[in-house]
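Structure record follows, encoded as structure tokens.
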Amino acid sequence: MSSEQLENFEELARRAVACKHWRWMPGMLLVTKADNRFRLVELDFDAQDRWEWKGQYSTPVPDLRDPATLGCLLALVREAHGDPEIVVSKYEYSDGWTIGTQLEWEGIHSLWGSDGAIWGWSEAEVLVKALEAAP
Amino acid sequence: MNPELEELGRRAVACKHWHWMPGMLYNHPKDRPSLALRPEGPNAPIIMCGPGGGLPIFSDPATLGCLLALVREAWSDQSIGIFRSALGQEWCVLIQKGGLQGFHAPTDAGALVAALEAAP
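So the protein sequences, as listed, match chains X and B. Remember, our numbering sits 2 above the position in the first sequence when you count from 1. Remember, our numbering sits 13 above the position in the second sequence when you count from 1.
In structure tokens:
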């Protein structure tokens, strides 16, 4: 993976954490600025029922290349949109990905963001855009 | 864990392509659910936090994400996804390799396990 792609994943991760629907979930992989990695095992919630990072390193972001973390992010998107059938799908006309609901043999009914139907070069990108677009 | 999920877990771990992945949640009858972890580097062995011999819990989003990754790995196709079947009553995984094949089940985990079992 090129450094440009890595930076893109880090930027996506920062955007994900900034979403109002974001929350940490057990199983997610955290990565700190110093490239330390932690797997979330259990969560201790604060008074607002939000998990707070209390480690000695800078505030981490999720590693959006990790399959378990992507699974959690999909769950967050489904929850935020109130639709348990949302899936990520390879876009049939290009190398990109889209996200929405899909029935067999039909094209996907994409979720819409501020710039139209959500589309991206990676699953992580479409998932973050979908989380940002949730009402 | 309900009996259907438990059965899916049993089928999954019996697959030749099955392996534990870090972040997976698993159940053990004598302990609370635990995570599979890889503490040091990408090539380090997986460590189970609780007793061994447990079954993956596919109602857990992280574990389901790992199952999808296993199916893609087993079929050598990173574009494999899952969606609702034509009538919207089942989930389906479509595999393009070696001719189009569909794996259907009432749950997304069920369709993924069927696709994992059928991988060459």
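Where is the CB? At the ideal position from N, CA and C, for every residue including glycine. Since we're looking at a predicted model, the values are computed, not measured.
Quiz prompt | Cβ pair count under 8 Å reaching 3, the stretch 87 to 96 of chain B against the stretch 107 to 121 of chain B | solution = yes
Exercise. Tell me Gln114/B's beta-bridge partners as DSSP assigns them.
Key: Ile108/B
Quiz item: Can you tell me the Cα-Cα spacing of Ile110/X and Trp121/X, whole angstroms?
Solution: 11 Å
Quiz item: If we cut at 8 Å on Cβ distances, does Val43/X have a partner in chain B?
Solution: yes
Exercise. Would you be able to state if there are at least three C-beta pairs under 8 Å between the stretch 24 to 32 of chain X and the stretch 63 to 82 of chain X?
Key: yes
Quiz prompt | Close-in-space but distant-in-sequence residues of the same chain around Leu77/B (CB under 8 Å, 5 per side omitted) | solution = Phe71, Asp121, Ala122 and Leu125
Quiz item: If you draw a straight line from the C-alpha of Asp85/X to the C-alpha of Thr103/X, how long is it?
Solution: 9 Å
Practice problem: Could you check what DSSP says for Val89/X in three-state terms: helix, strand or coil? | Solution: strand
Quiz item: Listed in chain order, which residues of the stretch 28 to 43 of chain B have Cβ atoms closer than 9 Å to some Cβ of chain X?
Solution: Met34, Pro35, Gly36, Met37 and Leu38
Quiz prompt | Beta carbon proximity, Gly78/B to chain X, threshold 8 Å | solution = yes
Quiz prompt | Same chain only: Cβ atoms within 7 Å of Glu12/X, ignoring 5 sequence neighbours per side | solution = Val63
Practice problem: Please go through the same chain and pick out, in chain order, the residues whose beta-carbon is closer than 7 Å to the beta-carbon of Lys16/X, but skip the five residues on each side of it. | Solution: The sequence as given places Arg at residue 16/X; Lys does not occur at that position. Correct list, in chain order: Val63.
Quiz prompt | C-beta atoms of Pro69/B and Ala27/B nearer than 8 Å | solution = no
Exercise. Under 7 Å Cβ to Cβ from Pro119/B, same chain only, skipping five residues before and after it: list those, please.
Key: Glu103
Practice problem: Rounded to whole angstroms, what's the CA-CA distance from Trp88/B to Ala99/B? Just pull it up for me. | Solution: 23 Å
Quiz item: Would Trp33/B be called buried (16 or more neighbouring beta carbons within 10 Å of its own) or exposed?
Solution: buried
Quiz prompt | Contact set between Ala82/B and chain X, taken where Cβ atoms lie within less than 7 Å | solution = Pro69
Quiz prompt | Gly102/X, DSSP secondary structure in three states | solution = strand
Practice problem: Check whether the stretch 91 to 100 of chain X touches the stretch 72 to 81 of chain X, counting contact only when three or more Cβ pairs, one atom from each stretch, lie closer than 8 Å. | Solution: no
Quiz prompt | Ala20/X beta carbon less than 8 Å from that of Ala82/X | solution = no
Practice problem: Report yes if the CB atom of Arg39/X is closer than 8 Å to the CB atom of Leu50/B, and no otherwise. | Solution: no
Practice problem: Pull up the distance between the alpha-carbon of Cys79/B and that of Ser116/X, whole angstroms please. | Solution: 30 Å
Quiz item: Given that a residue counts as buried once 16 or more other Cβ atoms are within 10 Å of its Cβ, and exposed if not, what is Glu131/X?
Solution: The question names Glu, but residue 131/X in the sequence shown is Lys. Answer is buried; the Cβ neighbour count reaches 16.
Quiz item: When you compare only the Cα positions, how much space is there between Ser124/X and His117/B?
Solution: 26 Å
Quiz item: Between Ala75/B and the ligand SAH, is the CB less than 7 Å from at least one heavy atom?
Solution: Summarising the ligand content, the structure contains no ligands, and the ligand SAH is consequently not present.
Practice problem: Anything in chain X within Cβ reach of Gly94/B, meaning under 7 Å, just list it in chain order. | Solution: Val89, Val90, Ser91 and Lys92
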